[in-house]
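In UniProt numbering, the protein residues as written are 1 to 201. Take a look at the structure below.
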């Protein structure tokens, strides 16, 4: 295994592999997921108002890995065969026994994900999140929660793996902003570990 580039955020640390998957591997995985995943456009509730999320998504995981965010409840679909070995490999790189993955499809530059942290109660304290990018290059931004002048930007190519280590979700927000550039579709897989059921589950 190749060694990652370590990016110190203080507090928090990123581990980044720009070419974690070879180009042909990334392309094949992208095509398989695009074709085989049952994509859905869910609805979230923000400040009491409901909105269709500006992307498509799917949630896979072990039994009992229900996930809630923004008023939405995701029940896990069983792991597809194409994702099982990938989960194991990502878990080994991150040193974290991931048991679930949120798969997002950004169809065009108009699809996006706003400023947020992956800090839901079922992820436990100081979660580790691993993010695998496939398809079009998109710009990933981080912004310190207590000092919004502290920012970082990464252009994530197809086949790249970014692991957000302990301390990142508590101290940093991240986003994938809209872009007016003519970009193709992108699939992003964010591997997570559900350690307890959300309230009311």
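We put the beta carbon where it would ideally sit given N, CA and C, even for glycine.
Handout entry: Span separating the alpha-carbon of residue 141 from that of residue 81
Key = Their backbone Cα atoms lie some 32 Å apart in a straight line.
Exercise for the section: Enumerate, from N- to C-terminal direction, the unbroken beta strand (DSSP E) stretches of 3 or more residues contained entirely within the segment 15 to 89. Expected result: Whole beta strand (DSSP E) segments, 3+ residues: 43 to 46, 49 to 52, 56 to 61, 67 to 69, 72 to 74.
Handout entry: Distance, residue 94 Cα to residue 6 Cα
Key = The straight-line gap from Cα to Cα measures roughly 12 Å.
Handout entry: Under 8 Å between C-beta atoms of residue 30 and residue 98
Key = No; because the gap between Cβ atoms is not below 8 Å, this pair is not in contact.
Exercise for the section: Let me know if residue 37 comes out buried or exposed under the rule of 16 or more other beta-carbons within 10 Å of its beta-carbon. Expected result: Burial state of residue 37 is buried, judged by a 10 Å Cβ sphere holding 16 or more other Cβ atoms.
Practice task
Compare the Cα-Cα distances from residue 164 to each of 155, 128, 170 and report the closest residue.
Solution key: The option with the nearest alpha carbon to residue 164 is 128.
Problem - Buried or exposed (CB count within 10 angstroms, at least 16 for buried), residue 155 - result: Residue environment analysis places residue 155 among the exposed positions, since fewer than 16 neighbouring C-beta atoms fall within 10 angstroms of its C-beta.
Handout entry: In DSSP terms, what residue 163 is bridged to
Key = Answer is 15, 130, bridged to residue 163.
Practice task
Entirely within the UniProt domain "Fe2OG dioxygenase" (97 to 195) and at least 4 residues each: give me those alpha helix (DSSP H) ranges in chain order.
Solution key: For the UniProt domain "Fe2OG dioxygenase" (97 to 195), whole alpha helix (DSSP H) runs of length 4 or above, ordered along the chain, are 168 to 171.
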